[in-house]
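S.K.: This is the structure I want to talk about, given as structure tokens.
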Amino acid sequence: MASWLLFAVFSCVLLPETVFGETRHYTLDIKMHNVTRLCHTKSLVSVNGKFPGPKIFAREGDQLLIKVVNHVPNNISLHWHGIRQLRSGWADGPAYITQCSIQTGQSYVYNYTIVGQRGTLWYHAHISWLRATVYGPLIILPKHGVPYPFPKPHKEVPMVFGEWFNTDTEAIIRQATLTGGGPNVSDAYTQECGTT
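Note that full-length UniProt numbering numbers the sequence shown so that position 180 is 180, with each residue one more than the last.
Laid out in structure tokens, this is it:
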């Protein structure tokens with residue numbers, strides 16, 4: 001009994017990430033960025049100058065501290081789609097529901113722990129139609145030493161699907177709100193494979 005207790009204490013002190021997970025820090029800069037699709041170049045709101053945004057990696061049990069810095073004229077908030085916000089509901093992201101939006105020139109740190117989840121999820125803007133350009137994959141691996149619930153993949157290639165609008169998405173939703181009609185449909189679907 002004493003040797004088991006000593007081993008447990010030793011493991012927690014010297015190898016805390018295997019028991020408690022790591023604290024992972026990310027910074028997401030929300031900026032304007034020129035993108036060309038369908039022979040049409042436009043300036044859009046993006047994450048770290050990428051469309052779609054960069055991959056965020058974590059392991060089950062990790063704490064994520066994600067600083068979002070708003071450099072655009074639009075207010076912004078991010079939602080971590082599929083993440084169970086256990087005791088961290090303020091980090092869920094819906095603007096004016098769980099948090100105030102992040103105003104121009106301001107930043108906010110999302111702080112939450114991945115509990116009982118693994119898989120490929122995604123993050124996206126959760127205000128107006130900025131989710132059309134502000135999004136990216138959120139990849140949660142199993143804890144160290146815990147196998148996948150299926151044969152380990154030979155390779156993982158995230159595929160991110162989206163839509164492309166030649167017109168400014170904020171103008172599209174504004175027009176739909178003014179007329180009471182549905183918004184215009186996208187000009188094309190997008191697919192990015194492992195490049196973010």
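In this text, a Cβ means the ideal position worked out from N, Cα and C, and glycines have one as well.
Does DSSP put residue 90 in a helix, in a strand, or in coil?
M.R.: Three-state result, residue 90: helix.
S.K.: Three or more C-beta pairs closer than 8 Å, one from the segment 126–137 and one from the segment 65–85: is that the case here?
M.R.: Touching, per the Cβ criterion.
S.K.: Could you check whether residue 114 and residue 140 sit closer than 8 Å to each other, using their CB atoms as the reference points?
M.R.: For residue 140 and residue 114, yes; Cβs fall inside 8 Å.
S.K.: If I follow the unbroken alpha helix (DSSP H) through residue 58, where does it start and stop?
M.R.: No alpha helix (DSSP H) holds residue 58; the beta strand (DSSP E) holding it covers 56–59.
S.K.: Once DSSP output is grouped into helix, strand and coil, what is the label at residue 161?
M.R.: Note: residue 161 maps to strand in three-state DSSP.
S.K.: Which two residues bound the contiguous beta strand (DSSP E) that contains residue 28?
M.R.: It spans 23–37 - the beta strand (DSSP E) in which residue 28 sits, taken as one unbroken run.
S.K.: Under the DSSP definition of a beta bridge, which residues are partnered with residue 136?
M.R.: Answer is 123, bridged to residue 136.
S.K.: Taking C-alpha atoms, which residue in 86, 87 and 91 lies nearest to residue 80?
M.R.: Per the Cα distances, 91.
S.K.: Buried or exposed: residue 82, going by 16 or more other Cβ atoms within 10 Å of its Cβ?
M.R.: Exposed, because fewer than 16 other Cβ atoms sit within 10 Å of the Cβ of residue 82.
S.K.: Go ahead and pull the three-state DSSP assignment for residue 96.
M.R.: Here residue 96 sits in coil by DSSP.
S.K.: Using 8 Å as the cut-off, can you tell me whether the segment 98–115 makes contact with the segment 57–71, which would need three or more C-beta pairs spanning the two stretches below that distance?
M.R.: Counting Cβ pairs under 8 Å, three or more are found: they touch.
S.K.: For a quick check, are the C-beta atoms of residue 136 and residue 55 less than 8 Å apart?
M.R.: Yes, the pair counts as a contact, with Cβ atoms nearer than the cut-off.
S.K.: Looking at residue 111: is its Cβ nearer than 8 Å to the Cβ of residue 88?
M.R.: Yes.
S.K.: What is the rounded straight-line gap between the Cα of residue 50 and the Cα of residue 39?
M.R.: Residue 50 and residue 39: Cα-Cα distance of roughly 18 Å.
S.K.: Looking only at DSSP bridge pairs, what is residue 40 linked to?
M.R.: Answer is 37.
S.K.: From residue 189 to residue 123, what does the alpha carbon distance come to, in whole angstroms?
M.R.: Distance between the alpha carbons of residue 189 and residue 123: 18 Å.
S.K.: Look up residue 83 in the DSSP assignment and say whether it is helix, strand or coil.
M.R.: Looking at residue 83 - three-state DSSP - the assignment turns out to be coil, as it is neither helix nor strand.
S.K.: Residues in the same chain with beta-carbon distance under 6 Å from residue 23, minus the five sequence neighbours each way, listed in chain order, please.
M.R.: Only 63 meet the Cβ criterion.
S.K.: I need the straight-line Cα distance from residue 143 to residue 86, nearest angstrom please.
M.R.: Their backbone Cα atoms lie some 18 Å apart in a straight line.
S.K.: Which residue wins for smallest C-alpha separation from residue 61, given the options 84, 46 and 44?
M.R.: When only C-alpha atoms are compared, the closest one is 84.
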